[in-house]
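*Asks:*
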Amino acid sequence: MINMQQTDRIGTPAAEEAMRSLVPSLRSLGINEIVIVDPACDRYADFVAAARAGEVGLHFCSDGRSAVRMARRFRADVWLVSMELADMSGFDLLEILSTHVVHGDVDPMLSGARISLGRIGETQHSAIFMVADEYRLEDEQRALVSGIAGYLVRPITLDVIRATRETAVVSTVDG
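Counting from 1462, one number per residue, gives the positions in the sequence shown under the numbering used here.
Okay, structure coming up:
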């Protein structure tokens, strides 16, 4: 139940602020740094807005080579890797990243999220998500078998990342 004054209508700044207060921050969920590997950074407007507001550190890599360089010197809590990159496929990049980015053990039967995301922000583990323009069962299966945290289909918002992490936190506490 949202406690808003009568004058706070949906879409007004006061109503939007009331809604934001109910949504956990990424930092409170253990997500401090996100790396997005995608040549089209304009697809991630809400991530950019969150970074500008100081909610999360955000880093863009436009191709696989720059992502590998980033992984060698920087640890992020979440990696969003596009399946289509200019210099290699997202799957090729996953193979290379696996030697530089420590990610959690994943059970493909659980769609990856519960086990791998339970430790994000608490250890050196990172969550890697493969990002596709359209859903393909074969790609999802291949991605999850590779041990990543999940397979996502655009459009991707911060709410998707929050929901995935909140589920992992609840599962870790309940389990």
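Heads up, the beta-carbon is just placed ideally off N, CA and C, and yes, glycines get one too.
This structure is a prediction, so every number in the text was calculated from the model and none was measured.
Name the DSSP bridge partner or partners of residue 1541?
*Replies:* As a position in the sequence shown, residue 1541 is number 80, starting the count at 1. Paired residue(s): 1497 and 1590.
*Asks:* Considering only the beta carbon of each residue, do residue 1593 and residue 1614 sit closer than 9 Å?
*Replies:* Start at 1 with the first residue of the sequence shown, and residue 1593 comes out as number 132. Start at 1 with the first residue of the sequence shown, and residue 1614 comes out as number 153. Yes.
*Asks:* Quickly, what does DSSP pair residue 1552 with across the bridge? List them, please.
*Replies:* To locate residue 1552, count along the sequence shown from 1; it is residue 91. Its beta-bridge partners do not exist; DSSP assigns none.
*Asks:* Which residue or residues does DSSP assign as beta-bridge partners of residue 1519?
*Replies:* For the purposes of this step, residue 1519 is taken as residue 58 along the sequence shown, with counting starting at 1. Answer is 1495, bridged to residue 1519.
*Asks:* So residue 1509 is in the alpha helix (DSSP H); what residue range does that whole segment cover?
*Replies:* Walking along the sequence shown from the start, residue 1509 turns up at place 48. Per DSSP, residue 1509 belongs to the alpha helix (DSSP H) from 1506-1513.
*Asks:* If you pair each beta-carbon of the region 1550-1558 with each one of the region 1506-1513, do three or more pairs fall below 8 Å?
*Replies:* Contact fails: fewer than three Cβ-Cβ distances are below 8 Å.
*Asks:* What is the C-beta distance between residue 1557 and residue 1517, in whole angstroms, given that I count them as a contact (C-beta under 8 Å)?
*Replies:* Translated into positions along the sequence shown, residue 1557 becomes position 96. Translated into positions along the sequence shown, residue 1517 becomes position 56. Residue 1557 to residue 1517, Cβ: 24 Å. No contact.
*Asks:* So for residue 1613, helix, strand or coil by DSSP?
*Replies:* For the purposes of this step, residue 1613 is taken as the residue at position 152 of the sequence shown. Residue 1613 falls in the strand class under three-state DSSP.
*Asks:* Quick check on residue 1525: does DSSP put it in helix, strand or coil?
*Replies:* One-based indexing of the sequence shown puts residue 1525 at position 64. In the structure shown, residue 1525 sits in a helix (DSSP, three-state: H, G or I).
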